[in-house]
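Working notes for the structure below.
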Amino acid sequence: MREARACFSAKLYTATAVMVRRTLEGMCVDQGTSKKALFAALGELRDANKIEGRLFDWAQALRVLGNQGAHFSKEAVGREDAQDALELAEALLDYIYVFTAKYEEFQQRRAKASAG
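In our numbering, the protein residues as written are 1 to 116.
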């Protein structure tokens, strides 16, 4: 994600999209997916209820944008799409790593309070 932000700061928008896609791949591996293809790995996260419908749709849109950047094309990734990619990726990472952990802590605390 740091490299994606650095690419954006350098106005390298196609590279930003590629680095966001790479970030998604790393997140899937970190979350224990068994599928190598990003499309399938994201589906695995959805099926395991680690991401919900709209987050899955966002992730797939980021994957497609990353593919556009990674494969030779006459269509470069624009600034707005790169900025959206960064913002959506950050939201997805926050959901997976921050909000999920906070929710689990809350649930554990509430369970202890009601048992005690």
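We put the CB at the ideal spot given by N, CA and C, even for glycine. A quick note: this is a predicted structure, and the numbers were derived from the prediction, not measured.
Identify the continuous alpha helix (DSSP H) that holds Thr100 and give its terminal residues.
-> In the DSSP assignment, Thr100 falls within the alpha helix (DSSP H) that extends over 100–115.
Do you know how far the Cα of Gly66 is from the Cα of Thr100?
-> Going from the Cα of Thr100 to the Cα of Gly66 covers about 25 Å.
At least three beta-carbon pairs within less than 8 Å, the stretch 46–56 to the stretch 69–83 | With a cut-off of 8 Å, the stretch 69–83 and the stretch 46–56 do not count as touching, because too few Cβ pairs lie within range.
How close, in whole Å, do the beta carbons of Glu25 and Leu12 come, if the pair is a contact with beta carbons under 8 Å?
-> Incorrect: roughly 19 Å between the Cβ atoms, too far for contact.
Leaving out the 5 sequence neighbours to the left and right, which residues in its chain are closer than 7 Å to Val20 when beta-carbon positions are compared?
-> Excluding residues up to 5 positions away in sequence, Ala4, Leu62, Gly66, Ala85, Leu86, Ala89 lie with their Cβ nearer than 7 Å to the Cβ of Val20 in the same chain.
Output the residue ranges of the alpha helix (DSSP H) runs that lie fully inside the stretch 25–49 and measure 4 residues or longer, sorted by chain position.
-> Restricted to the stretch 25–49, the alpha helix (DSSP H) segments that are unbroken, complete and at least 4 residues in length are 38–47, listed in chain order.
Taking DSSP as the reference, what is the three-state secondary structure of Ser9?
-> Helix.
Hey, Thr23 and Met1: beta-carbon distance below 9 Å or not?
-> It is a contact, given that the beta carbons lie within the stated cut-off.
Can you tell me which of the three DSSP states Gly69 falls into?
-> In this structure, Gly69 counts as helix in the three-state DSSP scheme.
Same chain, Cβ closer than 6 Å to Ala15, neighbours up to 5 away in sequence not counted = Apart from sequence neighbours up to five positions away, the residues of its chain that approach Ala15 with a beta-carbon distance below 6 Å are Cys7, ordered along the chain.
Given a threshold of 16 other Cβ atoms within 10 Å of its Cβ, counted over all protein chains shown, does Val29 qualify as buried or as exposed?
-> Exposed, since its Cβ has fewer than 16 Cβ neighbours within 10 Å.
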